[in-house]
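What follows is a single structure, written as structure tokens, with notes after it.
Numbering (the numbering used here), first residue to last: 135 to 207.
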């Protein structure tokens, strides 16, 4: 699954990483092109604050976990 998300503040980043870390599957954050970081990494998630677009990808459906961060297109 892939969702466009927003991580605008450090609080957003902390909350997202806390949710992602509790999920047993794989979660990654990508800019949609070449850069990908582990969605469970605080430093990785902080790095995405510099990107124009952030997408969350996972091996299973996680919308119910990250719905507060999903950006409607």
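Note that CB positions come from ideal geometry on N, CA and C, so glycine has one too. The structure displayed is predicted, hence computed values, not measured ones.
Our two residues, residue 174 and residue 183, have alpha carbons roughly 15 angstroms apart in a direct line. The criterion of a C-beta distance shorter than 9 angstroms is satisfied by residue 138 and residue 204.
By the Cβ-count criterion, residue 192 is buried, with 16 or more other Cβ atoms from all chains shown falling within 10 Å of its own Cβ. Around the CB of residue 141, 16 or more other CB atoms lie within 10 Å, so the residue is classed as buried. In the DSSP assignment, residue 145 is bridged to no other residue.
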